[in-house]
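Scroll down for the structure; my scribbles are underneath it.
Protein chains in written order, with our numbering: chain A, 65 to 398; chain B, 65 to 398.
Written out as structure tokens, the structure reads:
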């Protein structure tokens, strides 16, 4: 059986080479690429931690609860549910392709995935745990101790190891080979005429000014309501919360539009479930435009070509707790 | 590549035949077997539904929330968290090997997995949805319509189709090839002397009277506190809730002991997190016995040989909602 296997490997190698060597079209959007270097054991550990409910106070909420890999990497709720059924102030952004963001969270308060991974664990409105108890939990479980030792050479697991492993896993959560990427890579037949018109409109109207780069977003902060003020959301101040600069009020990170058809409701406040309406609202509030129905439909058709191949994830088997593992605490005072 | 493939298939066939033909030891516990006939498309659909949060009112809770396949098929909480963070009255039983149970739920109120699957969806303390809205949700999603049509030939999805698919998936959630099963199948070296002593004690003390069959339980209802009354739990009446027969007060389905090391806390009320203590409490309340420390340890060592091979599950990708999909309702009045 060795020969056919070798042939298969050669085929795959040739195929990969073809993919890498093909120069994509010169466009303001670039194809999504898989990370080039991956430490398989680190990623596997990170995956376990991503699905690990014992990183929350209740042992009921994991990263995957609000960034569900089955549903576009988000929870598809207006705002997320945290410890004690608290409803958060903001819509959960997708974890897919999040490595392409210039910073993490809507207000960019974490500079990268490593920094982000520590946030929700200790946020009283989300997982409501502490970093101290999170690492105490992991250190109480021999299988985790062993895995962290293998990956990071540490005897005692530290929160930075946890964050690093989660970030390493998240870096693999990219969605290449969307129909739009196939078109970018030179396949003229990958898009219909209407989808292509949609892309032309997307550029012509100026959507591309903010939604650009491989993730079709994630490259800048912009004021929500740049041309026509947006007054619905009164809960969040955006980037101002980080910089305290009044000029940064209502500035939010421009979200990725990759896999957008999977991640309703839309905007940082989850204001609309309808992609057509989202396009109209963006055109009005950000660009002062009122595209006609046909133009909106074409843009939505284009947006749906951004759905890529979601990675195939084997659901992890998590190691059992021990006598010294902190017990879940489901209590919540209102 | 056809010849090696054929050889591989022949090897697998021979291997299967060998497994089936080997007569297990004549013991009151039998090895776990994989289901013989499986409709792969039905199972795949059932898997999606098992992980489908949109079968709950909030679109946040799925079957997997309380029967988490990553953590022994249970949530490892004293009692489960439902809609609005309600804490249920009873400990979530594992879904692994649940097809071996004589009936479902601790009080046996569902006669099989099909009947069980409809329960939590409409339970106001759990997923808090209605069957009507659950099928409305699925019927609003073209990909689900198509899959149900392929599997069941139906144009309109009915709740019975949903239950049937979930049950079909759950029937595949068996955990064969534990070390104990290897011993049952004739491998003398699969158990240590202490584990074997534990099994002998398990039989000698009478644990086997209730914990027998392939699932090492699930074959009968028994009074909790048969010899020495158990007075801690005041929330549940067990089988009495179903039969209204006073003789059935505090009768519960004997749980499986398969994978027991993965599913703390123990008993219908999740009273203890410690397997040693669980063994001592059972011996006292059910059998009037006080095994010594060495005997307890040996039984626990035996119990840990019941951990089998958990199925490898590819995490599903769920199809997106449409404009006609009922919106999540996270509201909850206290």
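Note that beta-carbon positions come from the ideal geometry of N, C-alpha and C, so glycine has one too. The model shown is predicted, which means the values in this text are computed figures rather than measured ones.
Outcome for residue i when other beta-carbon atoms lying within 10 angstroms are tallied against a minimum of 16
{"i": "residue 93/A", "result": "buried"}
{"i": "residue 131/B", "result": "buried"}
{"i": "residue 334/A", "result": "buried"}
{"i": "residue 280/A", "result": "buried"}
{"i": "residue 171/A", "result": "buried"}
{"i": "residue 357/A", "result": "exposed"}
{"i": "residue 392/A", "result": "buried"}
{"i": "residue 302/A", "result": "buried"}
{"i": "residue 343/A", "result": "buried"}
{"i": "residue 310/B", "result": "exposed"}
{"i": "residue 395/B", "result": "exposed"}
{"i": "residue 264/A", "result": "exposed"}
{"i": "residue 251/A", "result": "exposed"}
{"i": "residue 219/A", "result": "exposed"}
{"i": "residue 291/A", "result": "exposed"}
{"i": "residue 73/A", "result": "Confidence in residue 73/A is poor, its pLDDT being 48 and thus under 50, which makes the residue's placement unreliable; the coordinate value appears in the next sentence. Exposed: under 16 other Cβ atoms inside 10 Å."}
{"i": "residue 217/A", "result": "exposed"}
{"i": "residue 228/B", "result": "buried"}
{"i": "residue 368/B", "result": "buried"}
{"i": "residue 293/B", "result": "exposed"}
Listed by chain order, chain B residues near residue i by CB distance under 8 Å
{"i": "residue 148/A", "result": "149"}
{"i": "residue 328/A", "result": "384, 385"}
{"i": "residue 145/A", "result": "122, 124, 394"}
Neighbouring residues, chain B, relative to residue i (Cβ below 9 Å)
{"i": "residue 393/A", "result": "Within 9 Å Cβ-Cβ: nothing; residue 393/A doesn't reach chain B, min ~10 Å."}
{"i": "residue 374/A", "result": "381"}
{"i": "residue 396/A", "result": "149"}
{"i": "residue 325/A", "result": "384"}
{"i": "residue 140/A", "result": "117, 118, 123, 384, 385, 392"}
Neighbouring residues, chain A, relative to residue i (Cβ below 9 Å)
{"i": "residue 252/B", "result": "Result: empty, since nearest Cβ-Cβ is about 27 Å, beyond 9 Å."}
7 Å Cβ cut-off: residues of chain A touching residue i
{"i": "residue 338/B", "result": "387"}
{"i": "residue 331/B", "result": "Simply none; closest approach about 16 Å."}
Expected contact under 8 Å - CB spacing of residue i and residue j to nearest Å
{"i": "residue 174/A", "j": "residue 156/A", "result": "That pair is no contact at about 15 Å."}
{"i": "residue 240/A", "j": "residue 95/A", "result": "7 Å"}
{"i": "residue 355/A", "j": "residue 244/A", "result": "Their Cβ separation, rounded to whole angstroms, is 20 Å, which puts residue 355/A and residue 244/A out of contact at 8 Å."}
{"i": "residue 300/A", "j": "residue 332/A", "result": "6 Å"}
{"i": "residue 312/A", "j": "residue 304/A", "result": "4 Å"}
{"i": "residue 198/B", "j": "residue 226/B", "result": "7 Å"}
{"i": "residue 323/B", "j": "residue 248/B", "result": "Rounded, the Cβ-Cβ distance is 16 Å, inconsistent with contact."}
{"i": "residue 377/B", "j": "residue 133/B", "result": "6 Å"}
{"i": "residue 318/A", "j": "residue 274/A", "result": "4 Å"}
{"i": "residue 177/A", "j": "residue 231/A", "result": "4 Å"}
{"i": "residue 140/B", "j": "residue 328/B", "result": "6 Å"}
{"i": "residue 366/A", "j": "residue 266/A", "result": "6 Å"}
{"i": "residue 320/B", "j": "residue 372/B", "result": "11 Å between Cβ atoms; not a contact."}
{"i": "residue 390/A", "j": "residue 201/A", "result": "6 Å"}
{"i": "residue 106/B", "j": "residue 159/B", "result": "With 8 Å as the limit, residue 106/B and residue 159/B do not qualify as a contact, their Cβ atoms being about 17 Å apart."}
Proximal residues of chain B, C-beta to C-beta of residue i below 7 Å
{"i": "residue 134/A", "result": "115, 379, 380, 381, 382"}
Min CB distance residue i to chain E below 7 Å
{"i": "residue 121/A", "result": "Although the question refers to chain E, the structure presented lacks it and instead comprises the protein chains A and B."}
Indicate whether the contact test is met: 3 or more Cβ pairs, each with one atom in the stretch 281–291 of chain A and one in the stretch 334–354 of chain A, closer than 8 Å.
Because the criterion of three Cβ pairs below 8 Å is met, the stretch 281–291 of chain A and the stretch 334–354 of chain A touch.
My parser needs the beta strand (DSSP E) runs of 3 or more residues fully inside the stretch 302–360 of chain B; what are they?
315–317
Entirely within the stretch 154–199 of chain B and at least 4 residues each: give me those alpha helix (DSSP H) ranges in chain order.
177–186
Along the chain, which unbroken stretches of the alpha helix (DSSP H) at least 4 residues long are found entirely within the stretch 92–129 of chain B?
104–114
Examine the Cβ distances between the stretch 381–393 of chain B and the stretch 252–263 of chain B and report whether three or more of them are shorter than 8 Å.
no
So within the stretch 276–306 of chain B, which uninterrupted beta strand (DSSP E) runs reach at least 3 residues, ignoring any that extend past its ends?
285–287
So, does the stretch 100–109 of chain B touch the stretch 118–132 of chain B, judging by three or more C-beta pairs under 8 Å?
Short answer: they don't touch.
Any contact between the stretch 157–164 of chain A and the stretch 198–209 of chain A? By contact I mean 3 or more CB pairs, one from each, below 8 Å.
no
Counting beta carbon pairs with one atom in the stretch 372–381 of chain B and one in the stretch 106–116 of chain B, are three or more of them shorter than 8 Å?
Between the stretch 106–116 of chain B and the stretch 372–381 of chain B there are three or more inter-stretch CB-CB distances shorter than 8 Å, so the stretches are counted as touching.
For the structure I just gave you, are there three or more beta carbon pairs, one from the stretch 145–152 of chain A and one from the stretch 176–196 of chain A, closer than 8 Å?
yes
Completely contained alpha helix (DSSP H) runs for the stretch 229–268 of chain B, where each covers 4 or more residues:
DSSP runs (the alpha helix (DSSP H)) wholly in the stretch 229–268 of chain B: 243–248, 257–268.
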